[in-house]
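Participant: Mind looking over this structure? Questions follow.
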Amino acid sequence: SLFPQARGTNADGTTAVTFMNLTISGTITNAGFDCAAFVGHARGSANFYNCTSNVDITSNQHSCAGIVGTTKGNRNKNINEKFEYEFIGCVNQGDIKTSGNFEDKGTGGILGHVWNGDRNASNDTYSNTFVTTPYVLMDSCRNEGDLQGSYNVGGIAGKSAGNIELQNCGNTGNIEALCAKAPNGTLGVSNFNKDGHAGGIIGLVRTPGHADVYASYNSGNVHSWGNKAGGIMGADTEYTSQNNTTKIYYCY
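The opening residue of the sequence shown carries number 334 in our numbering; numbering runs sequentially from there.
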């Protein structure tokens, strides 16, 4: 990543970091987790306006994307500032391939993973969650690259445990969830005991977050080698009682 980390919050909780009208081209190979052309790991808040990635990325880990690998919430978010992260008019043109066997991470064209705490796989609960669940706005963003990951692969966003709003977004790339835990241990072998969560716009939305997806489209092929693939969203899995409801309107 150009910036492995970006911490973008002023003392009053407002956004301090903005990336605008930038294009990055190139290749990243043998990348670790939290990898992207612009920012690997964003904490606090940050804005990305009219940013384009033409970077091909390969990683044996997780949470990779064209613009930002992972976003974390901001404990001191100003309550008058609705969105902690804004992605407006961003484009990914690079191909992204991740192979890490992490069922709770994601791979996306623009954003890989909206993080909101650590998951305990034994009882499916979260710890270290933030006081304010991350809010992400993605408007007029587009993915043109082919995306391949083990789990939770989406044309715009891979996986979100925060609150995310996607509008006027589009995907034309091919989306593939490999489901790394195939019966014989080989990637790309059908395993219907696993949920791949492949989606044209977003791969997985899970508690404690929700998603609003408006006026967005997908024309790429979407394939999961396990369960759960969708033209717009791979899955919305709320395993605990939540008041939030995911909505999808005017999408095709």
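Just so it is clear, CB atoms sit at the ideal spot from N, CA and C, and this is done for glycine as well. Keep in mind the model is a prediction, meaning the values are calculated, not measured.
How many angstroms separate the CA atom of G402 from the CA atom of G559?
Facilitator: Within the sequence shown, residue 402 is the residue found at index 69, counting from 1. Within the sequence shown, residue 559 is the residue found at index 226, counting from 1. G402 and G559: Cα-Cα distance of roughly 24 Å.
Participant: Closer than 6 Å by C-beta to C397: which residues in its own chain qualify, once you throw out the five before and the five after it? Chain order, please.
Facilitator: For the purposes of this step, residue 397 is taken as the residue at position 64 of the sequence shown. Excluding sequence neighbours, C397 sits near C368, I390, I429, T431, T440, G445.
Participant: In angstroms, rounded to a whole number, what distance separates the CA positions of G503 and K580?
Facilitator: Mapped onto the sequence shown, residue 503 falls at position 170. Mapped onto the sequence shown, residue 580 falls at position 247. Roughly 17 Å separates the two Cα atoms.
Participant: In terms of residue numbering, what span does the beta strand (DSSP E) encompassing A375 cover?
Facilitator: On the sequence shown, residue 375 is found 42 positions in, with the first residue counted as 1. It spans 372-376 - the beta strand (DSSP E) in which A375 sits, taken as one unbroken run.
Participant: In whole angstroms, what is the alpha-carbon distance linking T540 and G495?
Facilitator: What you label residue 540 is simply residue 207 of the sequence shown in a count that begins at 1. What you label residue 495 is simply residue 162 of the sequence shown in a count that begins at 1. One C-alpha to the other measures close to 8 Å.
Participant: Work out the CA separation of T578 and A339 for me, nearest whole Å.
Facilitator: The residue given as residue 339 occupies position 6 in the sequence shown. The residue given as residue 578 occupies position 245 in the sequence shown. Near 30 Å, if we compare the C-alpha coordinates of T578 and A339.
Participant: What first and last residue would you give for the beta strand (DSSP E) that runs through P337?
Facilitator: Position 4 of the sequence shown, counted from the first residue, corresponds to residue 337. First-last of the beta strand (DSSP E) with P337: 336-340.
Participant: Report the rounded CA-to-CA distance for T570 versus H543, giving the unit in angstroms.
Facilitator: Here residue 570 refers to the residue found at position 237 of the sequence shown. Here residue 543 refers to the residue found at position 210 of the sequence shown. Cα to Cα, T570 sits roughly 10 Å from H543.
Participant: So, for G567: in the same chain, excluding its five sequence neighbours on each side, which residues have a beta-carbon less than 6 Å away from its beta-carbon?
Facilitator: Numbered from its first residue, the sequence shown carries residue 567 at position 234. For G567, where only same-chain residues beyond five positions count, the Cβ hits under 6 Å are H530, A531, G532, G536, L537, K561.
Participant: Rounded to whole angstroms, what's the CA-CA distance from L335 to L511? Just pull it up for me.
Facilitator: Residue 335 sits at position 2 when you count from the first residue of the sequence shown. Residue 511 sits at position 178 when you count from the first residue of the sequence shown. Answer to the nearest angstrom: the Cα atoms are 28 Å apart.
Participant: Can you tell me whether S483 is buried or exposed? The criterion is at least 16 other CB atoms within 10 Å of its CB, across all chains shown.
Facilitator: As a first step, residue 483 must be located in the sequence shown, where it is residue number 150. Label assigned to S483: buried.
Participant: Is S549 closer than 8 Å to I534 when the C-beta atoms are compared?
Facilitator: Within the sequence shown, numbered from 1, the residue matching residue 534 stands at position 201. Within the sequence shown, numbered from 1, the residue matching residue 549 stands at position 216. Yes, the pair counts as a contact, with Cβ atoms nearer than the cut-off.
Participant: Taking S378 as the reference, give the member of S392, W448, N363 with the closest Cα.
Facilitator: Residue numbering aside, residue 378 sits at position 45 when the sequence shown is read from its first letter. The shortest Cα separation from S378 among S392, W448, N363 belongs to W448.
Participant: Within 10 Å of its beta-carbon, does T385 have 16 or more other beta-carbons around it, so buried, or fewer, so exposed?
Facilitator: Position 52 of the sequence shown, counting from 1, holds the residue named residue 385. So T385 counts as buried.
Participant: Report all residues from its chain with a CB closer than 6 Å to the CB of S574; omit the five preceding and five following residues, and keep chain order.
Facilitator: Numbered from 1 along the sequence shown, position 241 holds the residue referred to as residue 574. In this predicted model, S574 has a pLDDT of only 46, less than 50, meaning its place in the structure is not dependable enough to derive any value.
Participant: For S493, which option in E509, Q500, G506, T404 has the closest C-alpha, if you only look at C-alpha atoms?
Facilitator: The residue given as residue 493 occupies position 160 in the sequence shown. Closest by alpha carbon: T404.
Participant: Report buried or exposed for Y582, applying the criterion of at least 16 other Cβ atoms within 10 angstroms of its Cβ.
Facilitator: Position 249 of the sequence shown, counting from 1, holds the residue named residue 582. Result: exposed.
Participant: When we look at the beta-carbon of N551 and count the other beta-carbons within 10 Å, is it buried (16 or more) or exposed?
Facilitator: By one-based count along the sequence shown, residue 551 stands at place 218. With 16 or more other Cβ atoms within 10 Å, it is buried.
Participant: Skipping 5 residues on each side, what residues in its chain have a beta carbon closer than 6 Å to that of A490?
Facilitator: In the sequence shown, the residue the question calls residue 490 occupies position 157. Cβ within range, chain order: G441, L444, I535.
Participant: Kindly give me the distance between the Cβ atoms of N485 and K527, rounded to whole angstroms, as I take these residues to be in contact under 8 Å.
Facilitator: Counting from 1 along the sequence shown, the entry for residue 485 is found at position 152. Counting from 1 along the sequence shown, the entry for residue 527 is found at position 194. Not confirmed; about 11 Å, so no contact.
Participant: Report the three-state DSSP secondary structure of S552 (helix, strand or coil).
Facilitator: Mapped onto the sequence shown, residue 552 falls at position 219. It is coil, neither helix nor strand.
Participant: Give a yes or no on whether the minimum CB-CB distance between V546 and chain D is below 8 Å.
Facilitator: Note that chain D does not occur in the displayed structure, where there is just one protein chain.
Participant: Would you decide whether N354 is buried or exposed? Buried here means 16 or more other CB atoms lie within 10 Å of its CB.
Facilitator: In the sequence shown, counting from the first residue as 1, residue 354 sits at position 21. Classification for N354: exposed.
Participant: Rounded to a whole number of angstroms, what is the C-alpha to C-alpha distance between F366 and E436?
Facilitator: By one-based count along the sequence shown, residue 366 stands at place 33. By one-based count along the sequence shown, residue 436 stands at place 103. Roughly 13 Å between the two C-alpha positions.
Participant: Run the CB neighbour count on S392, radius 10 Å, all protein chains shown included, and call it buried at 16 or more, exposed below.
Facilitator: Position 59 of the sequence shown, counted from the first residue, corresponds to residue 392. With 16 or more Cβ atoms within 10 Å of its Cβ, S392 is classed as buried.
Participant: Along the beta strand (DSSP E) that carries S493, what are the first and last residues, could you check?
Facilitator: Along the sequence shown, read from residue 1 onward, the residue named residue 493 stands at position 160. Per DSSP, S493 belongs to the beta strand (DSSP E) from 490-493.
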